[in-house]
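Going left to right, the sequence shown walks through residues 1 to 147 as full-length UniProt numbering numbers them. No residue lacks a Cβ here, since even glycine has one placed at the ideal position from N, Cα and C.
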Amino acid sequence: MATSCITLQDSFGFDVNILLLCFWMAESRRSALEAKDIQALALGAGDANDRLVRPLRRIRRWFKDWEQGAISAKLEASAYQALKVAELQAERVSQSCLVAGLTTDRLHRALTTETAARSSLQNYREVMEASERSEVELNDLIAKVLF
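Now the structure itself:
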């Protein structure tokens with residue numbers, strides 16, 4: 001599941017937290033997010049993602065690939081771990097923004113968890129204007145999560 005989420009994030013620009021929210025809503029409430037709801041949620045979490053999550057992720061990934069040379073392995077591991085913790089905390093801020101923007105009283109109720117998840121993810125793909133190739137990845141993610 002993690003690999004599929006990262007592929008959707010890195011290759012197509014999807015927000016992993018919104019992907020997970022789509023599944024959580026499908027699992028817990030059998031509810032689907034409409035395109036307008038996803039747009040509003042993405043906008044609400046946008047500042048946290050743009051100013052906090054993505055910059056920390058870029059730094060962490062750079063640090064992971066960086067040739068340290070003179071830095072001891074222990075110091076490098078400690079610094080990398082601190083960056084991971086900071087990125088996870090930033091993700092929690094983004095998740096809080098998503099939850100704060102979620103309006104559950106007008107959500108579309110689906111017949112099954114799978115129908116709700118597929119509907120939400122299709123709506124998200126449309127909002128992202130993602131290529132049809134992303135649909136293959138989304139279907140792969142659905143299979144990993146629900147089956």
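Put residue i into one of helix, strand or coil per three-state DSSP.
i, result
"Ser31", "strand"
Using beta-carbon positions only, say whether residue i and residue j come within less than 7 angstroms of one another.
i, j, result
"Ala117", "Phe14", "no"
"Ala35", "Asn123", "yes"
"Ala130", "Phe12", "yes"
"Glu126", "Leu146", "no"
"Ser94", "Asn17", "yes"
"Ala48", "Cys97", "yes"
"Ala77", "Leu56", "no"
"Ser120", "Leu33", "yes"
Evaluate residue i with the Cβ neighbour count: other Cβ atoms within 10 Å of its Cβ, from every protein chain shown; 16 or more gives buried, anything less gives exposed.
i, result
"Leu8", "buried"
"Arg60", "buried"
"Asp37", "buried"
"Val53", "buried"
"Met25", "buried"
"Ser72", "exposed"
"Glu87", "buried"
Taking 6 angstroms as the cut-off, is the C-beta of residue i nearer than that to any heavy atom in the ligand HEM?
i, result
"Asn49", "This structure simply doesn't include the ligand HEM, nor any ligand for that matter."
With contact counted as at least three CB pairs below 8 angstroms, one residue from each stretch, are the region 95-107 and the region 20-35 in contact?
yes
Examine the Cβ distances between the region 81-92 and the region 36-43 and report whether three or more of them are shorter than 8 angstroms.
no
Only counting runs of 4 or more residues, tell me where the alpha helix (DSSP H) segments fall wholly within the region 42-105, in order along the chain.
54-65 and 73-101
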